[in-house]
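Residue numbers (UniProt numbering): 1 to 454.
Think of the CB as a built atom: it goes at the ideal place given N, C-alpha and C, for glycine as much as any other residue.
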Amino acid sequence: MTIDKAKVALGFIVAGALTLVFGGISVLMGPTVMTDQVIKNTVIDPKNEMSYTMWRDVPVPFFMSVYFFHVLNPKEILAGEKPMVEQRGPYVYRKRIQKDNITFHPNSTVSYKEYRSYYFEPSMSVGNESDVLTLPNMLVLGAAVMLESLPAPVRMIISMAFKTFDEGPFLTKTVGELMWGYDSKLVNFLNKYLPGMLPSSGKFGLFSEFNNSDTGLFTIHTGKDDIRNVHKVVSWNGLTELSYWRTPQCNMINGTAGQMWPPFMTEESTLPFYSPDACRSLELVYQRSGEMKDSPVFISHPHFFNADPVLLDYVHGLSPNEEDHGLFIDIHPLTGVPLNVSIRLQLNLYMKRVRGITETGKISEVVMPMLWFEERGYIDGPILNTFHTNLVVLPAVMEYMQYGMIALGLATIIIAAFVRYRVKRHKCGGGATSEGEASASAGEKDPLLQDDVD
1 MTIDKAKVAL
11 GFIVAGALTL
21 VFGGISVLMG
31 PTVMTDQVIK
41 NTVIDPKNEM
51 SYTMWRDVPV
61 PFFMSVYFFH
71 VLNPKEILAG
81 EKPMVEQRGP
91 YVYRKRIQKD
101 NITFHPNSTV
111 SYKEYRSYYF
121 EPSMSVGNES
131 DVLTLPNMLV
141 LGAAVMLESL
151 PAPVRMIISM
161 AFKTFDEGPF
171 LTKTVGELMW
181 GYDSKLVNFL
191 NKYLPGMLPS
201 SGKFGLFSEF
211 NNSDTGLFTI
221 HTGKDDIRNV
231 HKVVSWNGLT
241 ELSYWRTPQC
251 NMINGTAGQM
261 WPPFMTEEST
271 LPFYSPDACR
281 SLELVYQRSG
291 EMKDSPVFIS
301 HPHFFNADPV
311 LLDYVHGLSP
321 NEEDHGLFID
331 IHPLTGVPLN
341 VSIRLQLNLY
351 MKRVRGITET
361 GKISEVVMPM
371 LWFEERGYID
381 GPILNTFHTN
391 LVVLPAVMEY
401 MQYGMIALGL
411 ATIIIAAFVR
421 YRVKRHKCGG
431 GATSEGEASA
441 SAGEKDPLLQ
451 DDVD
């Protein structure tokens, strides 16, 4: 049986053309298919089990590292000298996050409360929660600034109350007490006779309201109606704006809840988010300055990084740098999922001498750093493998296959066309030679001289 090589080559040309067309269609349709897959797996929907479970339970390890500014010269500060502080830390806590009370609404939004609990990690810390530190007493120095405008006799009565309840301008407590609360006669008195005056109804601590608590009622977009709005905050505790700050910009609730962002981000995209702990929205591209109404508590970057340099002139012991004290988020631009997050904030207390309140002594006006903390999380282990496979490897393989099919189709067409051309040429050239040889053979048999026929 003779194989017609020309027809086989023609078949390869057709196959190559089909492969080329399919590759071209894949190049045109591939981004659309990928976009649809990203949207499907980004929308907050219980039907998408993997992405919904990841959003609800946040199976990413989160840690909070706390650094205290231990006061080295409390007596000298009261005499008007410049404060000297020494950073102590980190004291590291593992953070567990879980969303509950999840309610979906018809307008493509969902409400939830996010509960958090903290567990001390001695192996990751520089010491134990029993370590003793000295910090400014917010109850005394903070209240003194807030009550400065009251009449002098009232300020003197307040000063006497501080002495009665053994509250001095500085306090020396353990890390555990500073974090989660300590017994205070003044706090107990205020909670008993003036309930609601303090944010804490129990022990007074810098993070006493954090542990085993929720971050408030968030309502966010699910992305069903518009994927560009997914995770963006609609309201927090029923509020669409705050009233803590002096400027409307600082009172805005912008961005997401700080765990995920809308997909399809570019280098020009910004990462706004609302932080209940900072009581304000933050922006990683630029930061607006703000001042909390009536309260001498200020939020900044650690060590006053990116703040007015004059703040560093009033306190010894600070050394800001971007690597240790800047905020950063490594984000996957296609999905808006953060791969590595580090949020760093510093708590400062505005202190000054207040006439009539002797506890303030001769304190010079200063924004005093008290502590800074870093909350960080990163995708690792099986979660990272699944994420990497579905959203990095598969799209890359798909892209390579698209252009691979185009290259294969073109190569097949070119090679098959060349083979077909050679076969056709061989057939044409072979036929002419045979006819010429036959004529020559016939001529050799004829006599050179032929007899004339009469």
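The C-alpha of Ser108 lies about 28 Å from the C-alpha of Glu267. Residue range Val85 to His105 is occupied by the beta strand (DSSP E) that includes Arg94, with no alpha helix (DSSP H) assigned at that position. Lys352 sits in coil when the DSSP states are folded into three classes, being neither helix nor strand. With fewer than 16 neighbouring CB atoms inside 10 Å of its own CB, Gly80 falls in the exposed class.
The alpha-carbon separation between Leu339 and Phe170 amounts to approximately 41 Å.
Counting C-beta atoms within 10 angstroms of its own C-beta, Ala152 has fewer than 16 neighbours from the protein chains shown and is therefore classed as exposed. Around the CB of Ile44, 16 or more other CB atoms lie within 10 Å, so the residue is classed as buried. The distance from the Cβ of Leu186 to that of Leu133 is about 20 Å, inconsistent with a contact at the 8 Å cut-off.
With fewer than 16 other CB atoms across the displayed protein chains lying within 10 angstroms of its CB, His426 is exposed. Between the alpha carbons of Lys224 and Val230 lies a gap of roughly 8 Å.
The alpha-carbon separation between Met368 and Leu135 amounts to approximately 10 Å. Comparing C-alpha distances from Ile357 to each of Lys113, Leu78, Thr386 and Met156 shows the shortest one belongs to Met156. The C-alpha of Arg228 is placed about 31 Å away from the C-alpha of Phe373.
Judged by DSSP in its simplified three-state form, Trp180 adopts helix.
In the three-state reduction of the DSSP assignment, Tyr400 falls in the helix class, which pools H, G and I.
In the DSSP assignment, the residues bridged to Asn340 are Asp330 and Tyr378.
Of the candidates Phe204, Val315 and Ser51, Val315 places its Cα closest to the Cα of Ile363. Annotation for Leu347: Met370 and Leu371 place their beta carbon closer than 6 Å to its own, counting only its chain and skipping 5 residues before and after.
Linking Val85 to Ile77 through their CA atoms gives a straight-line distance of about 11 Å.
Under the criterion of beta carbons closer than 8 Å, Ile102 and Val110 qualify as touching, at roughly 6 Å.
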